[in-house]
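Peer 1: The sequence shown begins at 1 in full-length UniProt numbering and counts up one residue at a time. Got a structure here, written out as structure tokens. Questions coming.
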Amino acid sequence: MIDHLGINCTDLQRAAAFYDRVLGVLGHRRVMDVDVAIGYGTDGPDFWISTFEGVGPNREVHVAFTAPDAATVRAWHAEAVAAGAESLHEPRLWPEYHPGYYGAFVRDTEGNNIEAVCHGGDS
Numbered sequence: 001m002i003d004h005l006g007i008n009c010t011d012l013q014r015a016a017a018f019y020d021r022v023l024g025v026l027g028h029r030r031v032m033d034v035d036v037a038i039g040y041g042t043d044g045p046d047f048w049i050s051t052f053e054g055v056g057p058n059r060e061v062h063v064a065f066t067a068p069d070a071a072t073v074r075a076w077h078a079e080a081v082a083a084g085a086e087s088l089h090e091p092r093l094w095p096e097y098h099p100g101y102y103g104a105f106v107r108d109t110e111g112n113n114i115e116a117v118c119h120g121g122d123s
């Protein structure tokens, strides 16, 4: 159900030092670092920390839900918008994440960044 989870931090370097230590005890490690976001996991990035300019005390959560294919991602995005979500990113390939990463992002009715993703491309 959950593909990955992300939280926003006011001090990314301090948070990274913390998660490097505490997740290491559990056998996890930093597996991706893209300057404003760091992904932790065992094999792939399942938990992310990130920051952005103007991050404040009430920070959104990012949750990505697993979809079986691109058609389902598109259907999910349409349903989310119909249900009152704000579209952040239309369904598309995100090759900067990895080849075949196909996702769509919305802001839910509570202000959180919610995504549906599949890892098999756009067909």
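Backbone N, C-alpha and C fix where the C-beta goes; we use that ideal spot for every residue, glycine too. For clarity, every value in this text was computed on a predicted model and none was experimentally measured.
Mark residue 79 as exposed unless 16 or more other C-beta atoms lie within 10 angstroms of its C-beta, in which case mark it buried.
Peer 2: Residue 79 counts as exposed, since fewer than 16 other C-beta atoms from the protein chains shown sit within 10 angstroms of its C-beta.
Peer 1: Is the beta carbon of residue 31 closer than 8 Å to that of residue 19?
Peer 2: Contact flag unset, no.
Peer 1: Grouping DSSP H, G and I as helix and E and B as strand, with all else coil, what is residue 127?
Peer 2: Outside the shown range of the chain (1 to 123) lies residue 127, about which nothing can therefore be said.
Peer 1: Measure the beta-carbon distance from residue 59 to residue 86 and round it to whole angstroms, keeping in mind my assumption that it falls under 8 Å.
Peer 2: Going by Cβ atoms, the distance from residue 59 to residue 86 rounds to 17 Å, so no, they are not a contact pair.
Peer 1: Do the CB positions of residue 121 and residue 93 come within less than 8 Å of each other?
Peer 2: yes
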